[in-house]
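The structure under discussion appears below in the form of structure tokens.
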Amino acid sequence: MSVKDSIRDTVTSNNVVLYMKGTKDMPQCGFSSRVAGVLNFMGVDFVDVNVLADEQIRQGIKDYSDWPTIPQLYVKGEFVGGSDIITEMTLSGELDQLFDDKGVAYSKEAADKIREANG
Amino acid sequence: MSKQEEIRAALEAAFTPRALDVINESHQHAGHAGHDGTGESHYRVRIAADVFKGMSRVARHRAVHEALGKDLVGRIHALALEITD
């Protein structure tokens with residue numbers, strides 16, 4: 001399977017996938033850590049892919065989405081954004097809306113807490 | 001030209017922004033991954049331009065990446081973007 005096919009397979013066969021540096025339990029970059037932290041805190045069930053463990057995926061994911069940076073969040077196969085966009089969407093409530101629309105389970109209460117703490 | 005000046009020049013040429021701040025935050029990341037010791041690794045851009053109206057968040061970011069070009073983006077470890085219309 002080509003790198004591109006393998007990425008497509010991963011993002012379409014899992015509801016929520018985060019390509020990141022490090023793992024959800026041990027992020028190795030502040031930006032990856034921020035997005036994984038939001039998803040963890042909101043109780044979202046997501047698959048983490050550590051790009052540092054695979055140089056082909058590290059470059060391949062940038063080509064796949066035509067997006068130059070890591071982390072990258074995918075929901076139901078669709079590229080949502082990197083750390084700036086996910087942060088903005090969390091604070092504006094757009095991320096809740098996206099999860100609602102896509103049928104992804106999360107804690108609305110936890111999301112509200114993040115907004116209260118950053119309001 | 002410093003990278004900060006390169007970023008500013010590219011964005012001014014592409015978007016004629018109403019407001020543009022290019023902030024070098026490299027010193028805040030001393031000792032972290034990607035801090036390469038040059039003092040030119042981490043940047044934050046705040047840009048406001050009419051052209052972003054009606055564009056999705058992803059499209060706005062892509063437009064900025066494209067304006068900067070692969071070469072410059074590749075030479076920066078981190079670029080935080082705050083984009084408004």
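In the order they appear, the protein sequences are chains A and B.
Counting from 1, one number per residue, gives the positions in the first sequence under the UniProt record's numbering.
Counting from 1, one number per residue, gives the positions in the second sequence under the UniProt record's numbering.
Note that beta-carbon positions come from the ideal geometry of N, C-alpha and C, so glycine has one too.
Subject >> Rounded C-alpha distance that separates A:L91 from A:S107 >> reply: Within the first sequence, residue 91 of chain A is the residue found at index 91, counting from 1. Within the first sequence, residue 107 of chain A is the residue found at index 107, counting from 1. A:L91 and A:S107: Cα-Cα distance of roughly 14 Å.
**OP:** Could you tell me whether the Cβ of B:L11 comes closer than 9 Å to any Cβ of chain A?
**Re:** Here residue 11 of chain B corresponds to residue number 11 of the second sequence, with the count starting at 1. Taking Cβ atoms only, chain A never reaches closer than 9 Å to B:L11, which makes this a no.
**OP:** Using beta-carbon positions only, say whether A:G22 and A:S32 come within less than 9 Å of one another.
**Re:** The residue labelled residue 22 of chain A in the question sits at position 22 within the first sequence. The residue labelled residue 32 of chain A in the question sits at position 32 within the first sequence. Yes, the pair counts as a contact, with Cβ atoms nearer than the cut-off.
Subject >> Of the residues A:R34, A:L98, A:D25, the one placed nearest A:E78, counting alpha carbons only >> reply: As a position in the first sequence, residue 78 of chain A is number 78, starting the count at 1. The residue among A:R34, A:L98, A:D25 with its C-alpha nearest the C-alpha of A:E78 is A:L98.
Subject >> Which listed residue (B:K3, B:L81, B:E40, B:D50) has its alpha carbon closest to that of B:T16 >> reply: Against the second sequence, residue 16 of chain B aligns to sequence position 16. Comparing Cα-Cα distances from B:T16 to each of B:K3, B:L81, B:E40, B:D50, the minimum goes to B:D50.
Original post:
Apart from the five residues on each side of it in sequence, which residues of its chain come closer than 6 Å, Cβ to Cβ, to A:I86?
Top reply: Within the first sequence, residue 86 of chain A is the residue found at index 86, counting from 1. Cβ contact annotation for A:I86 (same chain, cutoff 6 Å, sequence separation greater than five): V35, L73, in chain order.
Original post:
Would you report the Cα separation of B:A14 and A:S83, rounded to the nearest angstrom?
Top reply: Sequence index remark: in the second sequence, residue 14 of chain B carries index 14 (1-based). Sequence index remark: in the first sequence, residue 83 of chain A carries index 83 (1-based). In a straight line, the C-alpha of B:A14 is about 24 Å away from that of A:S83.
Subject >> Secondary structure, alpha helix (DSSP H): runs of 4+ residues fully inside the segment 42-103 of chain A >> reply: For the segment 42-103 of chain A, whole alpha helix (DSSP H) runs of length 4 or above, ordered along the chain, are 55-65, 83-92, 94-102.
Original post:
In chain order, what residues of the same chain have a beta carbon less than 6 Å from the beta carbon of B:R46, not counting five sequence neighbours either side?
Top reply: For the purposes of this step, residue 46 of chain B is identified with residue 46 of the second sequence, where counting begins at 1. Excluding five sequence positions before and after B:R46, the CB atoms of its chain that fall closer than 6 Å to its own CB belong to D21, E82, given in chain order.
Original post:
In whole angstroms, what separates the C-alpha of B:G54 from that of B:T84?
Top reply: What you label residue 54 of chain B is simply residue 54 of the second sequence in a count that begins at 1. What you label residue 84 of chain B is simply residue 84 of the second sequence in a count that begins at 1. Pairing B:G54 with B:T84, the inter-Cα distance amounts to about 11 Å.
Original post:
In the structure shown, what three-state DSSP assignment does A:A105 receive?
Top reply: Counting from one through the first sequence, the residue named residue 105 of chain A turns up at place 105. The answer is coil: DSSP assigns A:A105 none of H, G, I, E or B.
Original post:
If you measure from the beta carbon of A:G119 to each beta carbon in chain B, is any gap under 9 Å?
Top reply: Numbered from its first residue, the first sequence carries residue 119 of chain A at position 119. Among the residues facing chain B, A:G119 is not included, as its CB has no counterpart in that chain under 9 Å away.
Subject >> Reference B:E12, options B:I76, B:V64, B:G74, closest by Cα >> reply: Along the second sequence, read from residue 1 onward, the residue named residue 12 of chain B stands at position 12. Selected option, being the one with the closest Cα: B:V64.
Subject >> Closest by C-alpha distance to B:A19, when choosing among B:A48, B:S2, B:T38 >> reply: Here the question's residue 19 of chain B lines up with position 19 in the second sequence. Taking B:A19 as reference, the option from B:A48, B:S2, B:T38 with the minimal CA-CA separation is B:A48.
Original post:
Where do the ends of the alpha helix (DSSP H) carrying B:A13 lie?
Top reply: For the purposes of this step, residue 13 of chain B is identified with residue 13 of the second sequence, where counting begins at 1. Counting along the chain, the alpha helix (DSSP H) containing B:A13 begins and ends at 3-15.
Original post:
Should B:K70 be flagged as near chain A, meaning a C-beta pair shorter than 9 Å?
Top reply: Position 70 of the second sequence holds residue 70 of chain B. For B:K70, the answer is yes, since a Cβ of chain A falls inside 9 Å of its Cβ.
**OP:** Compute the Euclidean distance between the alpha carbons of B:H77 and B:E40, then round it to the nearest angstrom.
**Re:** Within the second sequence, residue 77 of chain B is the residue found at index 77, counting from 1. Within the second sequence, residue 40 of chain B is the residue found at index 40, counting from 1. Straight across, the Cα-Cα distance linking B:H77 with B:E40 is about 9 Å.
Subject >> Residue span of the alpha helix (DSSP H) that contains B:E66, given as start and end >> reply: Counting from one through the second sequence, the residue named residue 66 of chain B turns up at place 66. Here the alpha helix (DSSP H) through B:E66 covers 57-75.
Original post:
Distance, Cα to Cα, B:S26 vs B:T38?
Top reply: If you number the second sequence from 1, residue 26 of chain B lands on position 26. If you number the second sequence from 1, residue 38 of chain B lands on position 38. Annotation: B:S26 to B:T38 spans about 9 Å, alpha carbon to alpha carbon.
Original post:
Under a three-way DSSP split, which group does A:D112 fall into?
Top reply: One-based indexing of the first sequence puts residue 112 of chain A at position 112. Secondary structure of A:D112 (DSSP, three-state): helix.
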